[in-house]
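Have a look at the structure below before the remarks.
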Amino acid sequence: MAAVRKRRRGYTRLTSKHQATIPVDVLEQTGIKPGDELKVEPGGPGWIVLRREESAIEKFAGTLRGVYYPGYLDELRSEWDR
């Protein structure tokens with residue numbers, strides 16, 4: 001049976017396939033969740049920056065309230081049934 005090597009808390013190791021596991025407590029503190037798209041950028045020698053990419057739809061959804069009068073979209077939809 002192979003010996004299990006323990007990692008220091010908050011550390012990870014880069015695999016031969018250039019993969020790293022991000023510690024769960026770091027993900028929780030940053031609000032990053034499975035499925036989030038991350039932009040990877042160099043942050044200088046020895047630094048890699050991961051930044052969550054916000055979806056433009058999620059960012060701006062619901063910001064144009066009040067542009068159309070109440071019932072306008074229902075009127076447009078009723079034209080489809082004609």
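For the sequence shown, the working numbering begins at 1 and goes up steadily by one.
Glycine included, each C-beta is placed from N, C-alpha and C at the ideal position.
None of the values given here were measured: they were computed from a predicted structure.
Just reading off the beta strand (DSSP E) that residue i is part of, what are its end residues?
i	result
valine 49	48-52
In this structure, how does DSSP classify residue i when only helix, strand and coil are distinguished?
i	result
glutamate 41	strand
serine 78	helix
leucine 73	helix
Could you pull the start and end residues of the alpha helix (DSSP H) that residue i belongs to?
i	result
alanine 56	56-60
valine 24	24-30
What is the rounded straight-line gap between the Cα of residue i and the Cα of residue j?
i	j	result
glycine 62	glycine 44	38 Å
aspartate 55	aspartate 36	Position check: residue 55 holds serine in this sequence, whereas aspartate was assumed. One C-alpha to the other measures close to 10 Å.
Residue i: which of the options sits nearest, CA to CA?
i	options	result
proline 34	Ile48, Arg52, Pro42 and Glu41	Arg52
arginine 9	Lys17, Leu38, Arg77 and Thr21	Thr21
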